[in-house]
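Number of protein chains: 2
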Amino acid sequence: MRHPKQISDLVNCLAKLPGLGPKSATRLALYILKRPADEARSLAKALVAVKEEIHFCSLCHDYTDQDPCPRCADPKRDRAQICVVESPADLMVIESSGLYRGLYHVLGGVLNPLNGIGPEDLNAQDLLDRLQKALDAGEPIREVLLATGGSPEAESTLSYLLDRLRDFPVQITRLARGLPVGMDLEYVDGNTLKQALEFRREAREPL
Amino acid sequence: MRHPKQISDLVNCLAKLPGLGPKSATRLALYILKRPADEARSLAKALVAVKEEIHFCSLCHDYTDQDPCPRCADPKRDRAQICVVESPADLMVIESSGLYRGLYHVLGGVLNPLNGIGPEDLNAQDLLDRLQKALDAGEPIREVLLATGGSPEAESTLSYLLDRLRDFPVQITRLARGLPVGMDLEYVDGNTLKQALEFRREAREPL
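Protein chains in written order, with this note's numbering: chain A, 100 to 306; chain B, 100 to 306.
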């Protein structure tokens, strides 16, 4: 005999989340049943609120409940620097490092012709428009940092953007490739080693 | 700068679930943001429904949306056999094995004096009342199977129940302890081996 429909419904919904199979979804559902009703209600409310109140910032395309988002509207940030990232998750990683104080531009993915994802599916044209508009307004962008990841799709997205950005009077930078901190040379893969060699730099401090 | 409050609220609620830390909760929240609003709404509805419509069966104390639960009300099940389990999760395990067709009694935990869980916190007295009532009604129970787990707390719960059930005219059984299927003797721990020896039985078929 199956368990009540309400429980299977919850298990089925939970099992759709990434990393949760039917077993862990069942374990979660039974946990939720054991906890006070308030906790389940808070989670339910948070789920609805996140979908109803969160949208994309029209400027940087990060998730926000305002438009423009508080980051784009913040006068204390360096408005002449744009960091281009694949996703809001990547933005969070850079933001929580505390190492960057400029603005962002979320692409919303990477080029992936095999999965039918072309330039028009990304916020790529919008990046060019944004640069042009700043230029026209006399507030030109100083640097565009292409902070895409290390996957082959990310690399070809980077090439595509480099190509499109060629004629803009702006410095285009990219994240360094090389040995991750703590990695022994002995264990490094050939491609990383190749990039660490290509990106090598003068080791002595200039006199 | 933090992400919008709606997202942190969702992350905080998700991070309360067992097995989810802040990182995986953030990953889940961003996944939910990417998916259609319908999915989040279904999950929210399922969460509320499970807490509003599911309660304990007054007979077996399993989760149910009816009372008595469909299993307790099922005339096709063996009503003279009661399997005593720690939790609804354990009940599901036995039920989905398809090896048992009697009724159940969910204890709702195990004795744990260190955490302040005594007999009055379990559905133990209720088991005795249930047996007595069946006896008085002339529908005596034939067998009570104590299907508690292998933890020390479960063992002392079993001892406690054995003691309380001593005077009932009913067969009391417990799950066998021994080698799990597929386990080599070489890797077995001392306590399991001790129990496998204690539970050993005649290997030849009777003539």
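Think of the CB as a built atom: it goes at the ideal place given N, C-alpha and C, for glycine as much as any other residue.
DSSP places A/L213 within a helical segment (H, G or I) once states are collapsed to three.
Interface criterion met: the Cβ of B/M191 is under 8 Å from a Cβ in chain A. Counting other Cβ atoms within 10 Å of its Cβ, B/Q105 reaches 16 or more and is therefore classed as buried. Look at B/Y130: its C-beta is under 8 Å from a C-beta on chain A.
Taking 8 Å as the threshold, the shortest C-beta distance from A/V209 to chain B does not fall below it.
For A/P187, the nearest CB of chain B lies under 8 Å from its own CB, placing it at the interface with that chain.
For A/I106, the residues of chain B that pass the 8 Å Cβ criterion are V149, I153, Y162, in the order they occur in the chain. In the DSSP annotation of this structure, the continuous segment of the beta strand (DSSP E) that includes B/C182 starts and ends at 177-184.
The continuous beta strand (DSSP E) containing A/I271 extends over residues 270-273.
For A/P174, no chain B residue has a C-beta closer than 7 Å to its own C-beta; the minimum C-beta separation is roughly 13 Å. When Cβ-Cβ separations below 8 Å define contact, B/G201 makes no contact with chain A.
Counting only the Cα atoms, B/L109 lies some 15 Å from B/K144. Rounded to whole angstroms, the gap between the alpha carbons of B/P117 and B/E219 is 27 Å.
A/E285 is classed as exposed because its beta carbon has fewer than 16 other beta carbons within 10 Å across all chains shown.
Per DSSP, A/G201 is not a residue of any alpha helix (DSSP H); the beta strand (DSSP E) it occupies stretches across 201-205. Neighbours of A/C112 in chain B, taken as residues whose beta carbon is under 7 Å from its own, are S141, L142, A145 in chain order. Three or more Cβ pairs closer than 8 Å define a contact, and the segment 189-207 of chain A meets that threshold against the segment 158-174 of chain A. In this structure, DSSP gives A/E301 a state outside helix and strand, which the three-state scheme calls coil.
Within chain A, the C-beta atoms nearer than 7 Å to that of B/L109 come from A145, L146, V149, in chain order.
Look at A/P167: its C-beta is not under 8 Å from any C-beta on chain B. The C-beta of B/G120 has fewer than 16 other C-beta atoms within 10 Å across all chains shown, which makes the residue exposed. In the DSSP assignment, no residue is bridged to B/E194.
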